[in-house]
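Here is the structure we will look at, set down as structure tokens.
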């Protein structure tokens, strides 16, 4: 393996910068909704503890939002730096949803973020509340347009090839924005982001409750966060089922790799693999533990449905797209990332259910110290699940950069030497590592500081009236 291979290095660089950027995306998408809900409850009830929570989690949201903007810009530069052949081929199509994201969603979102930050004592109370809900709308639209661009890479629609075959031309923006893949992936992504935000709320609340701080305020946020995680997990599971159906229809090779299924099977033989061991070259199965009928049910919603296998699909793609290419993704990466995605999300949901039980009103005895620690350290679980989910999504598409249209090896910049990519890869990694330390430190400090020290207590009615007259 050539360590200075431009293709290898370009893939590593884009993969690392994308995953790093995605550390911030789900928290932004989820936490802005949490903040909007907290502020709405305060607006309707007048209970100042919800103002405390709005300000506390609003600080964390703003820190994370700023970092997400910085890291997201770098990704767009890489299209021209390392993937110029890809950019020339799909730029006409891929650029359209990105333009929507930049002009309609991001600037819309950023405008209302500014109004929310600086409008606390300047805007009418209801207008200020509306501004945070506009941020929710803007961030959600932003996610949709980005996912629409990615969906074209998974299932290209709404295009025609130029007469010379050198590039894809946009002919139907509606088809691009209503791609079946984005319609299924969008709710799955949003619910996963909400789930992560819920675990962050739980972790911050548990940290303070374990120290006996802000008991009334933090108990309310803890219970909210636990219910938010569970409700979001239900959405993740339901939307994930729909996404798997779309994946089987548009990218059957990805599903075959996710199940390590080498040969096509139907009914009882289309079994779900709990654990599999295959040969090093990924051509056949050595041993596996399987549940009969389950894969058929998940893939087709039928007990006697059929699922295509890796070997049969390889033969089909060889006939359809040409010989000399291994059209199978790296099976072990696809297989295990699919399982880790589900396991991490499921574990977070189980912890949330347990949390609701031990913190119920009729519970006897105090919550144990180790339980608080579990609640705190479970915060990253949905995020890690989302990250490996994206590894599954992108690695499962290989060797295609645009499924059926362009191989990944054909999308890399032709005149960029490997050593230049390596230098930028090292530089990005060092800079991002530094930014990660700064980001985590700022969020940790804001979380541990809790509600503003000078803010009145949640049960002080006089302070509540004072707050409502001074903030607006």
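In full-length UniProt numbering, the protein residues as written are 1 to 472. Virtual Cβ for every residue (Gly too), placed ideally from N, Cα, C. Values in this document were obtained by computation on a predicted structure and should not be read as measured data.
Indicate whether residue i and residue j have their beta-carbon atoms separated by less than 8 Å.
| i | j | result |
| --- | --- | --- |
| residue 65 | residue 28 | yes |
| residue 308 | residue 239 | no |
| residue 206 | residue 376 | yes |
| residue 98 | residue 149 | yes |
| residue 143 | residue 189 | yes |
| residue 413 | residue 47 | no |
| residue 260 | residue 331 | yes |
| residue 194 | residue 139 | no |
| residue 94 | residue 152 | yes |
| residue 272 | residue 303 | no |
| residue 216 | residue 361 | no |
| residue 92 | residue 4 | no |
| residue 257 | residue 298 | no |
| residue 403 | residue 242 | no |
| residue 356 | residue 226 | yes |
| residue 236 | residue 168 | no |
| residue 36 | residue 133 | yes |
| residue 267 | residue 296 | yes |
| residue 67 | residue 387 | no |
| residue 344 | residue 253 | no |
| residue 316 | residue 156 | no |
How is the alpha helix (DSSP H) around residue i delimited, first residue to last?
| i | result |
| --- | --- |
| residue 169 | Counting along the chain, residue 169 falls outside any alpha helix (DSSP H), though it belongs to the beta strand (DSSP E) covering 168–170. |
| residue 13 | 6–21 |
| residue 33 | 25–45 |
| residue 316 | 310–321 |
| residue 241 | 215–250 |
| residue 368 | It is not in any alpha helix (DSSP H) - residue 368 carries neither H nor E in the DSSP assignment. |
| residue 339 | 331–358 |
| residue 144 | 125–154 |
| residue 262 | Where residue 262 is concerned, there is no enclosing alpha helix (DSSP H), given that its DSSP letter is neither H nor E. |
| residue 474 | In this structure the chain extends from 1 to 472, so residue 474 is not present and cannot be described. |
| residue 432 | 418–449 |
| residue 199 | 180–210 |
| residue 112 | 107–118 |
Between which two residues does the beta strand (DSSP E) holding residue i run?
| i | result |
| --- | --- |
| residue 86 | Element bounds for residue 86: not the beta strand (DSSP E) but the alpha helix (DSSP H), 84–100. |
| residue 400 | 400–402 |
| residue 159 | 159–161 |
Use the C-beta contact count for residue i: other C-beta atoms within 10 angstroms, 16 or more gives buried, fewer gives exposed.
| i | result |
| --- | --- |
| residue 301 | exposed |
| residue 165 | exposed |
| residue 78 | buried |
| residue 419 | exposed |
| residue 292 | exposed |
| residue 179 | buried |
| residue 20 | buried |
| residue 417 | exposed |
| residue 451 | buried |
| residue 287 | exposed |
| residue 11 | buried |
| residue 427 | exposed |
| residue 370 | exposed |
| residue 439 | buried |
| residue 319 | exposed |
| residue 444 | exposed |
| residue 18 | buried |
| residue 415 | exposed |
| residue 449 | exposed |
| residue 437 | exposed |
| residue 14 | buried |
| residue 381 | buried |
Assuming residue i and residue j form a contact by the criterion Cβ under 8 Å, report the distance between their Cβ atoms to the nearest whole angstrom.
| i | j | result |
| --- | --- | --- |
| residue 63 | residue 31 | Actually they do not touch by this definition, with Cβ atoms about 10 Å apart. |
| residue 329 | residue 389 | Rounded, the Cβ-Cβ distance is 15 Å, inconsistent with contact. |
| residue 33 | residue 136 | 5 Å |
| residue 383 | residue 161 | That belief does not hold up - the Cβ atoms of residue 383 and residue 161 are roughly 39 Å apart, past 8 Å. |
| residue 337 | residue 275 | That belief does not hold up - the Cβ atoms of residue 337 and residue 275 are roughly 15 Å apart, past 8 Å. |
| residue 429 | residue 16 | 7 Å |
| residue 163 | residue 379 | 53 Å between Cβ atoms; not a contact. |
| residue 9 | residue 421 | 4 Å |
Within its chain, find whatever has a CB closer than 7 Å to the CB of residue i; leave out the 5 residues flanking it on each side and keep chain order.
| i | result |
| --- | --- |
| residue 222 | 202, 205, 206, 209, 359 |
| residue 147 | 182, 185, 186, 189 |
| residue 349 | 229, 230, 233 |
| residue 172 | 158 |
| residue 246 | 180, 181, 184 |
Can you find the residues in the same chain that come closer than 6 Å, C-beta to C-beta, to residue i, ignoring five residues on each side of it along the sequence?
| i | result |
| --- | --- |
| residue 367 | 358 |
| residue 411 | 83, 85, 86, 401 |
| residue 100 | 145 |
| residue 108 | 138 |
Who are the near neighbours of residue i in its chain, counting only those whose CB is closer than 8 Å to its CB and skipping five residues on each side?
| i | result |
| --- | --- |
| residue 43 | 125, 126, 129 |
| residue 399 | 325, 326, 327, 329, 407, 408, 409 |
| residue 423 | none |
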